[in-house]
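K.L.:
Take the sequence shown: its letters are residues 103 to 657, numbered as in this note's numbering.
Heads up, the beta-carbon is just placed ideally off N, CA and C, and yes, glycines get one too.
Attaching a single structure in structure tokens format; questions to follow.
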Amino acid sequence: MSEMANGAGYEFRLFAPNNRAASLIGDFSDWNEIAMEKDGDGYFRVSRDLPDGTYQYRFRIRSKSWFNADDEWKTITDPYATDIDPETQNAILKLRNGRKIVDEYVWRSDDVPLPENNAIVVYEMHVGDFSGGEEEGFTRGKYTDVIDKLDYLVDLGVNAIELMPLKSNPGDFNWGYSPIHYFAPEASFGTTAELKQMIDECHALGIRVIVDGVYNHASTANPLTQIDHDYWFLHEGKDPEQNWGPEFDYDRIDDRFGMNPATRFVTDSVRFWIYEYRIDGIRFDAAKQIDHPILLGTLVANAREAAYMKPFFTVAEFIPPTPEITEPDGPVESCWNDSFMYGVMEYLEGEPLNLEKIKDAIDPTRRGFANLTSVTNYLANHDQNRLFRKLGEAGILDEELYKRAKLGALILMTSVGVPMIWMGEEFGEYVPMSEQSNKIDWTLLQNDTNSELHKYYRRLIDFRTTDPTMRTANLDFFHEDADSGVLCFRRYDDEGDSAVVVINLSDETVENYEIPDFPVDGDLYEITTRSEYTASDGKLTLDLERRTGLVFTRK
Numbered sequence: 103m104s105e106m107a108n109g110a111g112y113e114f115r116l117f118a119p120n121n122r123a124a125s126l127i128g129d130f131s132d133w134n135e136i137a138m139e140k141d142g143d144g145y146f147r148v149s150r151d152l153p154d155g156t157y158q159y160r161f162r163i164r165s166k167s168w169f170n171a172d173d174e175w176k177t178i179t180d181p182y183a184t185d186i187d188p189e190t191q192n193a194i195l196k197l198r199n200g201r202k203i204v205d206e207y208v209w210r211s212d213d214v215p216l217p218e219n220n221a222i223v224v225y226e227m228h229v230g231d232f233s234g235g236e237e238e239g240f241t242r243g244k245y246t247d248v249i250d251k252l253d254y255l256v257d258l259g260v261n262a263i264e265l266m267p268l269k270s271n272p273g274d275f276n277w278g279y280s281p282i283h284y285f286a287p288e289a290s291f292g293t294t295a296e297l298k299q300m301i302d303e304c305h306a307l308g309i310r311v312i313v314d315g316v317y318n319h320a321s322t323a324n325p326l327t328q329i330d331h332d333y334w335f336l337h338e339g340k341d342p343e344q345n346w347g348p349e350f351d352y353d354r355i356d357d358r359f360g361m362n363p364a365t366r367f368v369t370d371s372v373r374f375w376i377y378e379y380r381i382d383g384i385r386f387d388a389a390k391q392i393d394h395p396i397l398l399g400t401l402v403a404n405a406r407e408a409a410y411m412k413p414f415f416t417v418a419e420f421i422p423p424t425p426e427i428t429e430p431d432g433p434v435e436s437c438w439n440d441s442f443m444y445g446v447m448e449y450l451e452g453e454p455l456n457l458e459k460i461k462d463a464i465d466p467t468r469r470g471f472a473n474l475t476s477v478t479n480y481l482a483n484h485d486q487n488r489l490f491r492k493l494g495e496a497g498i499l500d501e502e503l504y505k506r507a508k509l510g511a512l513i514l515m516t517s518v519g520v521p522m523i524w525m526g527e528e529f530g531e532y533v534p535m536s537e538q539s540n541k542i543d544w545t546l547l548q549n550d551t552n553s554e555l556h557k558y559y560r561r562l563i564d565f566r567t568t569d570p571t572m573r574t575a576n577l578d579f580f581h582e583d584a585d586s587g588v589l590c591f592r593r594y595d596d597e598g599d600s601a602v603v604v605i606n607l608s609d610e611t612v613e614n615y616e617i618p619d620f621p622v623d624g625d626l627y628e629i630t631t632r633s634e635y636t637a638s639d640g641k642l643t644l645d646l647e648r649r650t651g652l653v654f655t656r657k
């Protein structure tokens with residue numbers, strides 16, 4: 103890391119409290135070594151009188167890592183570098199008016215109001231596979247390609263995107279779950295200014311930006327591993343079968359400085375991304391493997407403090423999901439809900455109907471979750487094969503495939519929890535899961551059946567994001583008929599307004615079906631068919647097509 107030193111030029115710093123010697127090299131010294139002095143606070147320091155401009159530099163350090171020779175000299179990137187030259191792994195330093203900057207981007211949309219956590223519909227995407235380079239399948243998408251598709255997301259109606267990891271990572275293409283540099287974005291997606299422009303333009307359109315954060319482990323190429331591996335990381339991983347790289351040691355305390363080195367580094371990274379890139383939420387990858395509620399609580403508290411007055415969403419990948427990880431007693435607001443996916447998908451794939459399992463998926467409070475946002479629900483995500491792929495492998499094809507996809511979407515959008523769509527699900531993308539380049543096929547929207555599925559999603563998302571009954575965890579199952587496979591429930595807000603969901607989960611269409619104890623009387627509007635109905639005397643009579651749901655609101 104580096105900062106200004108009073109009147110003495112630009113100060114470069116490297117925190118390496120157990121190391122004997124360090125030096126600075128850079129283009130400003132023709133890559134000749136400049137010795138650094140160590141202070142009692144654990145930092146090596148040196149100042150250079152540098153005019154405004156752009157520079158590249160690295161550090162050399164006598165390593166204390168167990169896999170290197172004793173005090174072996176290693177050349178490393180600044181662990182706090184905010185921009186990286188991908189070819190050389192040199193840190194990039196930009197000075198303007200005597201101060202370090204990341205870039206010269208000017209934010210334009212800071213004052214635009216953004217949706218609260220209880221009103222978001224999340225769209226998970228991988229920047230490299232979402233859009234861009236469709237004419238050549240191996241061309242990686244960029245931040246600018248996402249910008250070009252924002253009108254599509256607005257039309258779809260989603261108001262939050264969850265981006266797979268953005269931190270600098272190894273190779274030309276991967277999912278980003280082995281971060282090297284915790285303060286520098288992935289250069290192959292574009293520049294730091296282009297990333298800011300993408301987030302800024304999302305905000306201008308009322309779309310929040312949640313970023314996937316990997317804090318369980320790092321890449322073996324992370325510079326901290328070369329400085330003093332066991333100062334920041336566990337000597338060995340906790341579970342050889344669940345090991346994806348050096349795992350941060352969140353229990354080690356350095357009594358000299360009264361802190362945990364790994365916690366300080368990761369907390370600094372979290373705060374930096376919120377301050378510098380204005381992100382609106384973090385997904386904590388592999389939270390169960392982290393297995394450290396105090397650490398998660400610390401990161402959440404720091405994130406909310408850095409976000410200040412704006413809404414901030416925290417969601418953990420904790421599998422299997424459990425209420426203990428979520429508020430009010432746990433450290434994060436939400437957790438990924440694999441239980442929803444498996445409960446609904448087993449039914450959609452043809453397993454015998456289990457009403458109790460479907461009810462558990464629709465209403466997570468039955469399993470102890472406290473709030474609307476306690477779970478994030480989905481039919482698929484980047485770790486799973488897509489809905490269409492799963493149904494196809496179960497022999498469900500053609501018209502039946504789209505019917506079941508629509509029913510899954512309706513259950514997703516009307517259940518308690520934050521709904522999330524994996525990119526392309528809304529129009530029937532079916533490519534298998536792959537960590538290789540795996541672009542979604544936008545030409546599918548030219549097909550009538552795919553286009554109709556997309557329109558169906560749009561109607562459901564519009565209802566989900568605008569109807570106040572969807573913003574609480576209030577839900578009553580008021581009618582269930584196991585013989586006919588009919589399940590009815592009411593979502594309602596604290597003012598008493600209601601929306602009613604009626605689902606025929608059977609393989610038989612029922613005609614003139616009378617639903618007793620219907621909670622809303624009078625004229626009704628059904629949002630998916632845009633049809634009108636009338637309920638009277640606590641009853642609604644209607645035809646219910648097989649494997650279809652209806653959503654009613656007051657007209």
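Just how far apart, CA to CA, sit residue 585 and residue 404?
P.N.:
Their backbone Cα atoms lie some 52 Å apart in a straight line.
K.L.:
For residue 320, I'd like the list of residues in its chain whose CB is within less than 8 Å of its CB, leaving aside the five on either flank, ordered along the chain.
P.N.:
Within the same chain, residue 320 has close Cβ partners 280, 281, 282, 284, 326, 327, 335, 347, 348, 350.
K.L.:
Given residue 429, which residues of its chain have a CB within under 6 Å of its CB, disregarding the five upstream and five downstream residues?
P.N.:
Excluding sequence neighbours, residue 429 sits near 435.
K.L.:
Say whether the region 293-306 touches the region 251-269, bearing in mind that this needs 3 or more beta-carbon pairs closer than 8 Å, one atom from each stretch.
P.N.:
In short, these stretches touch, since the Cβ pair count reaches three.
K.L.:
Sort 562, 531, 539 by Cα distance to residue 549 and report the nearest one.
P.N.:
When each option's Cα is compared against that of residue 549, the closest is 531.
K.L.:
Cβ of residue 381 within 9 Å of Cβ of residue 316?
P.N.:
Taking 9 Å as the Cβ cut-off, residue 381 and residue 316 do not qualify as a contacting pair.
K.L.:
For residue 361, does the count of other Cβ atoms within 10 angstroms reach 16, so buried, or fall short, so exposed?
P.N.:
Result: exposed.
K.L.:
How long is the line joining the alpha carbons of residue 176 and residue 149, rounded to whole angstroms?
P.N.:
If I take the Cα positions, the gap works out to 21 Å.
K.L.:
Given this structure, state the Cα-to-Cα distance separating residue 467 from residue 587, to the nearest angstrom.
P.N.:
In a straight line, the C-alpha of residue 467 is about 22 Å away from that of residue 587.
K.L.:
Would you kindly check if the distance between the Cβ of residue 165 and the Cβ of residue 329 is under 9 Å?
P.N.:
Their beta carbons are under 9 Å apart, which means residue 329 touches residue 165 by this criterion.
K.L.:
Give me the residue from 180, 460, 185 with the minimum Cα distance to residue 443.
P.N.:
Checked all of 180, 460, 185; the closest Cα to residue 443 is 460.
K.L.:
Can you confirm whether the region 482-495 touches the region 529-546 when touching is taken to mean that 3 or more C-beta pairs between the two stretches lie within less than 8 Å?
P.N.:
Segments in contact, yes.
K.L.:
Excluding five sequence neighbours on each side, which residues of the same chain lie with their C-beta closer than 6 Å to the C-beta of residue 247?
P.N.:
Cβ within range, chain order: 233, 234.
K.L.:
Within the region 523-584, note down every full alpha helix (DSSP H) run reaching 4 residues or more, in order along the chain.
P.N.:
Those alpha helix (DSSP H) runs which fall completely within the region 523-584 and span 4+ residues are 550-568.
K.L.:
Do residue 220 and residue 577 have their beta-carbon atoms positioned less than 9 Å apart in this structure?
P.N.:
No, the pair does not count as a contact, with Cβ atoms beyond the cut-off.
K.L.:
Look up residue 499 in the DSSP assignment and say whether it is helix, strand or coil.
P.N.:
In this structure, residue 499 counts as coil in the three-state DSSP scheme.
K.L.:
Counting along the chain, where does the beta strand (DSSP E) carrying residue 438 start and finish?
P.N.:
Start and end: 436-438.
K.L.:
According to DSSP, is residue 512 part of a helix, a strand, or is it coil?
P.N.:
Reduced to three states, the DSSP call for residue 512 is helix.
K.L.:
With 16 as the cutoff for other CB atoms within 10 Å, does residue 337 come out buried or exposed?
P.N.:
With fewer than 16 Cβ atoms within 10 Å of its Cβ, residue 337 is classed as exposed.
K.L.:
Return the CA-CA distance between residue 658 and residue 542, expressed in angstroms with no decimal places.
P.N.:
Lying before the first or after the last residue shown, residue 658 is absent from the chain, which here runs from 103 to 657.
K.L.:
Would you mind stating whether residue 512 and residue 339 have Cβ atoms separated by less than 9 Å?
P.N.:
No. Outside cutoff.
K.L.:
Can you say whether residue 411 is buried or exposed, counting buried as having 16 or more other CB atoms within 10 angstroms of its CB?
P.N.:
Counting Cβ neighbours within 10 Å, residue 411 comes out exposed, since fewer than 16 surround it.
K.L.:
Return the first residue and the last residue of the alpha helix (DSSP H) that residue 216 is part of.
P.N.:
Unbroken run through residue 216: none, as it is neither H nor E.
K.L.:
Would residue 593 pass as a contact of residue 604 if the rule is Cβ separation under 9 Å?
P.N.:
Cβ atoms of residue 593 and residue 604: not closer than 9 Å.
K.L.:
Since residue 651 sits in a beta bridge, which residues does DSSP pair it with?
P.N.:
Bridge partners of residue 651: 605.
K.L.:
Measuring straight from C-alpha to C-alpha, what distance separates residue 645 and residue 487?
P.N.:
Rounded to whole angstroms, residue 645 to residue 487 spans 34 Å at the Cα level.
K.L.:
Would you be able to state if there are at least three C-beta pairs under 8 Å between the region 605-616 and the region 624-640?
P.N.:
Touching, no, given that fewer than three Cβ pairs across the two stretches are closer than 8 Å.
K.L.:
So, for residue 561: in the same chain, excluding its five sequence neighbours on each side, which residues have a beta-carbon less than 7 Å away from its beta-carbon?
P.N.:
So the qualifying residues of the chain are 629, 630.
K.L.:
Exposed or buried, residue 613, counting other C-beta atoms within 10 Å across all chains shown (16 or more means buried)?
P.N.:
Exposed: under 16 other Cβ atoms inside 10 Å.
K.L.:
In three-state DSSP terms, what is residue 322?
P.N.:
It is coil, neither helix nor strand.
K.L.:
Could you tell me whether any Cβ in chain D is nearer than 9 Å to the Cβ of residue 322?
P.N.:
Here chain D cannot be found, since the structure has a single protein chain.
K.L.:
Have a look at residue 464 and residue 517 and give me their C-alpha separation to the nearest angstrom.
P.N.:
C-alpha separation (whole angstroms): 4 Å.
K.L.:
Helix, strand or coil, according to DSSP, for residue 641 in the structure here?
P.N.:
In this structure, residue 641 counts as strand in the three-state DSSP scheme.
K.L.:
Looking at the unbroken alpha helix (DSSP H) that takes in residue 176, where does it start and where does it end?
P.N.:
No alpha helix (DSSP H) contains residue 176, which is instead part of the beta strand (DSSP E) from 175-178.
K.L.:
Should residue 121 be labelled buried (16 or more other beta-carbon atoms within 10 Å of its own) or exposed?
P.N.:
Classification of residue 121: buried, given that the 10 Å Cβ count is 16 or more.
K.L.:
Helix, strand or coil: which one does DSSP assign to residue 598?
P.N.:
Residue state, collapsed to three classes: coil.
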